[in-house]
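Engineer: Residue numbers (our numbering): 15 to 290. Backbone N, C-alpha and C fix where the C-beta goes; we use that ideal spot for every residue, glycine too. For clarity, every value in this text was computed on a predicted model and none was experimentally measured. Here you go, one structure.
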């Protein structure tokens, strides 16, 4: 059995040009990470890893959850403090030659520890404070399973991943909507964008879609070596993604902050490859 412990301190320096309301950040984001765990291995058949981690964040602002509503920093992003902690479990099992099972489970708890007022990026003060709120876009329960079997020149594999529901806004509201009024650089309505080409500003960060749905996606793949001679080889593969055509979607700053981005449905991919 192997045990381990890690500590790491990192930071993000002030950003002069960022995707944010106000266009700049004048502070440094600090992160302290602690990780402790153990790994057990039995011959080549079995291995198990258990891990606990906790990350403390100070002056965190990547999500831009609040702005200053008064004082010399009025209108700029207000940083917050918080933490992320969880447990990671991972298992590998090889019962017979050529067959391998792999499973992993993660539990993640993310919370805001700042007691400041909860505001949207228009500066409107909302009910309550940000204290003890869950950070958005984090699924607390995550599960991964995959299996692979090699027989002669054929490999058959199956994989799946599960993500539980997650909040899409710092207010942790189950229903979708807007934190405050919509705002554009050319006016407070969507016609200013359609007719004048103005950019979407704070409105993009104040819309939320409530609880994002859970999803469990399964994939299968079969690959075959058809011919090989020395380093030359002809291989082929057939893969089906999202076998059961699970319907789910994403939202967020990096994908679709002003709405829903549907995930790929069932798809089939085939390829033939020649290695010279």
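Going by CA-CA distance only, name the one from 43, 46, 120 that's closest to residue 63.
Structural biologist: Residue numbering aside, residue 63 sits at position 49 when the chain shown is read from its first letter. Considering only alpha carbons, the answer is 120.
Engineer: Report the CB separation of residue 19 from residue 45 in whole angstroms; it is logged as a contact under 8 angstroms.
Structural biologist: Here residue 19 refers to the residue found at position 5 of the chain shown. Here residue 45 refers to the residue found at position 31 of the chain shown. Residue 19 to residue 45, Cβ: 17 angstroms. No contact.
Engineer: Taking the beta carbon of residue 166 as the centre, do at least 16 other beta carbons fall within 10 Å, making it buried, or is it exposed?
Structural biologist: By one-based count along the chain shown, residue 166 stands at place 152. Burial call: exposed.
Engineer: Whole angstroms are fine: how far does the CA of residue 124 sit from the CA of residue 69?
Structural biologist: Taking the first residue of the chain shown as position 1, residue 69 is located at position 55. Taking the first residue of the chain shown as position 1, residue 124 is located at position 110. Taking the straight line joining both Cα atoms gives about 9 angstroms.
Engineer: Tell me the rounded alpha-carbon separation between residue 113 and residue 59.
Structural biologist: As a working mapping, residue 113 is identified with position 99 in the chain shown. As a working mapping, residue 59 is identified with position 45 in the chain shown. Approximately 10 angstroms, taken between the alpha carbons.
Engineer: Does DSSP put residue 141 in a helix, a strand or coil?
Structural biologist: Here residue 141 is taken as the residue at index 127 of the chain shown, counted from 1. Residue 141 falls in the strand class under three-state DSSP.
Engineer: Just to confirm before moving on: does the CB-CB distance between residue 170 and residue 236 stay below 8 angstroms?
Structural biologist: Taking the chain shown and counting its residues from 1, one reaches residue 170 at position 156. Taking the chain shown and counting its residues from 1, one reaches residue 236 at position 222. Taking 8 angstroms as the Cβ cut-off, residue 170 and residue 236 qualify as a contacting pair.
Engineer: How would you label residue 280, buried or exposed, when you count the other beta carbons within 10 angstroms and need 16 or more for buried?
Structural biologist: Reading the chain shown from its first residue, position 266 is the one you call residue 280. Classification for residue 280: exposed.
Engineer: How far does the beta strand (DSSP E) with residue 65 in it extend, from its first residue to its last?
Structural biologist: One-based indexing of the chain shown puts residue 65 at position 51. From DSSP, the beta strand (DSSP E) with residue 65 extends over 60-74.
Engineer: Can you round the beta-carbon distance between residue 48 and residue 21 to whole angstroms, since I take them to be within the 8 angstroms contact cut?
Structural biologist: If you number the chain shown from 1, residue 48 lands on position 34. If you number the chain shown from 1, residue 21 lands on position 7. At roughly 6 angstroms, the Cβ-Cβ gap stays under 8 angstroms, so residue 48 and residue 21 are in contact.
Engineer: In angstroms with no decimal places, state the Cα-to-Cα distance between residue 36 and residue 274.
Structural biologist: On the chain shown, residue 36 is found 22 positions in, with the first residue counted as 1. On the chain shown, residue 274 is found 260 positions in, with the first residue counted as 1. Its pLDDT being 49, under 50, residue 36 is placed unreliably in this model, and the value from its coordinates should be taken loosely. Rounded to whole angstroms, residue 36 to residue 274 spans 25 angstroms at the Cα level.
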